[in-house]
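Data first, discussion second: the structure below is written as structure tokens.
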Amino acid sequence: MSALPGSGAFAAFCGQWNGAVDQALRELLPSPDTAPQRLHEAMHYALFPGGKRLRPMLVLLGCQAAGGDPGRALRAAAALECLHTYSLVHDDLPCMDDDDLRRGRPTCHKVYGDALALLAGDALLTLAFEGAASAGADATAELARAAGSLGMVGGQVEDLASEGDPQRHSLERVRWIHTRKTGALITAALLVGAHAAAGGAVPAAVLEPLRAYGDRVGLAFQIADDCLDLTGTAAELGKNPLADVALGKLTWPAMVGLDQSLATARDLAAEASALAVPITAAAAGWRQVPAPALDAARLLLQDVALYAVARRN
Ligand code: GRG
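Per numbering that gives the first Met the number 0, the sequence shown starts with residue 0, numbered consecutively.
Laid out in structure tokens, this is it:
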């Protein structure tokens, strides 16, 4: 993740932790020469070199914002990336969005075939729960809720249904979809990180503002994604632009136009940014944390909110 917009704090954080996240992924995943070899190769293909690694970085940031050492959350961070990558592999399948380009390369099913890509996704999903268990039972349950029928999968179902149903397109429906399809996992990443910080019960005073922050960043991130589908290039995005338009998808700009969409995304980012102070204040009230670590977390939370909207990929 280079040349991110914003203060530079999140870019520096990513630079600091990227290698450790990749190492944690390699430790969580069976090596590509483990039987069944082709399955493990497909899982590695989907994960490496990877995309922006936003969700694992949010796990580490959630941990720091709750007063923990991000190094404690690395296995959980790898788990979030496995789960996210499963969703991309399945999302690209012919029975879903039917895409041939992802992260700048042919999609997993284009290289390994539909059946193996489906199974590689399944294996990444289940592996994610092995990794999340390192952050405890609360973290594992949080991830399960976010990824399941009330979260990401539910959002995906409604997203697919909306394609053939333009007369029922509305802003309320697109908010419902985006909150679940994309926002739920982004919020869960932060909360899993907070659970990893403590290795035990985290007070609601910390979790709730962090959840409110994640919900706003997650929605802003997906609105920005909708806008990038219209304004980005394949080289920037690593996937085909105008894919949403081609599928007749329900998107934010389809409802209110590009300018109004970006304005809403910026408003959400500003609301999220304002929550950085209450989040870190609650962490300070909960446990002994050196002030510089929480100051850094506050700046990072503010910078990520900005990045979610101003990003170019
Ligand atoms: C259960 C069969 C079955 C399928 C599930 C859950 C699901 C399919 C799809 C999830 C929905 C999905 C793919 C949402 C997209 C969210 C999104 C904005 C993805 C792109 O995230 P980035 O930009 O990607 O962070 P990189 O590649 O950078 O990690």
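From the three backbone atoms N, C-alpha and C, an ideal C-beta is built for every residue, glycine too.
heavy atom of ligand 1 below 7 angstroms from residue i C-beta
i, result
"Met95", "yes"
"Leu305", "no"
"Met151", "yes"
"Asp224", "yes"
"Ser86", "yes"
"His89", "yes"
"Leu53", "yes"
"Arg139", "Reading the sequence as shown, one finds Thr at residue 139 and not Arg. Checking every heavy atom of ligand 1 against the Cβ of Thr139, none is found closer than 7 angstroms."
"His83", "yes"
"Arg71", "no"
Which of helix, strand or coil DSSP assigns to residue i
i, result
"Leu241", "coil"
"Pro252", "helix"
"Leu100", "strand"
"Pro35", "coil"
"Pro202", "coil"
"Pro277", "helix"
"Pro105", "strand"
"Trp16", "helix"
"Ser1", "With a pLDDT of only 41 at Ser1, under 50, the local geometry of the prediction cannot be trusted, and the value read off the model is given with reservation. Note: Ser1 maps to coil in three-state DSSP."
"Lys51", "coil"
"Arg310", "coil"
"Arg210", "helix"
"Gln287", "coil"
"Asp164", "coil"
"Leu149", "coil"
"Met42", "helix"
"Ser133", "helix"
Rounded straight-line distance, which links the Cα of residue j to that of residue i
i, j, result
"Leu189", "Ala138", "10 angstroms"
"Ala23", "Glu80", "10 angstroms"
"Met0", "Lys51", "Only weak support is given to the placement of Met0: the predicted model assigns it a pLDDT of 44, under 50, and the question is left unresolved by the model."
"Ala245", "Val173", "17 angstroms"
"Leu68", "Ala196", "In the sequence as presented, Leu is not what sits at residue 68; that position holds Asp. Taking the straight line joining both Cα atoms gives about 7 angstroms."
"Arg265", "Gln36", "45 angstroms"
"Ala11", "Arg144", "31 angstroms"
"Arg71", "Thr84", "22 angstroms"
"Pro202", "Ala281", "9 angstroms"
"Pro291", "Ala283", "11 angstroms"
"Ile176", "Asp158", "6 angstroms"
"Ala223", "Gln166", "24 angstroms"
"Ala183", "Pro55", "14 angstroms"
"Ala122", "Thr33", "14 angstroms"
"Ala8", "Gly256", "31 angstroms"
"Asp294", "Val58", "18 angstroms"
Cβ shell of residue i (< 6 angstroms), same chain only, five flanking positions each side left out
i, result
"Gly5", "Asp302, Leu305 and Tyr306"
"Asp91", "Asp98, Arg101 and Thr106"
Residues of its chain near residue i, where Cβ-Cβ distance is below 8 angstroms and the 5 sequence neighbours each way are ignored
i, result
"Ala200", "Asp137"
"Leu300", "Leu60, Ala64, Tyr212, Ala271, Ser272, Leu274, Ala275, Ile278 and Thr279"
"Leu142", "Ala78, Leu79, Leu82, Ala127, Phe128, Ala131, Ala187 and Val191"
"Ser327", "Residue 327 lies beyond the range of the chain shown here (0 to 312); nothing can be said about it."
Distance between beta carbons of residue j and residue i, contact taken as under 8 angstroms
i, j, result
"Arg102", "Gly163", "With a Cβ gap of about 28 angstroms, Arg102 and Gly163 do not count as contacting."
"Leu218", "Leu267", "6 angstroms"
"Arg179", "Gly198", "That pair is no contact at about 29 angstroms."
"Gly120", "Val152", "About 12 angstroms separates the two Cβ atoms, so there is no contact after all."
Nonlocal neighbours in the same chain, by C-beta distance under 7 angstroms from residue i, ignoring five residues either side
i, result
"Glu235", "Arg311 and Asn312"
"Pro252", "Asp225, Cys226, Leu229 and Ser260"
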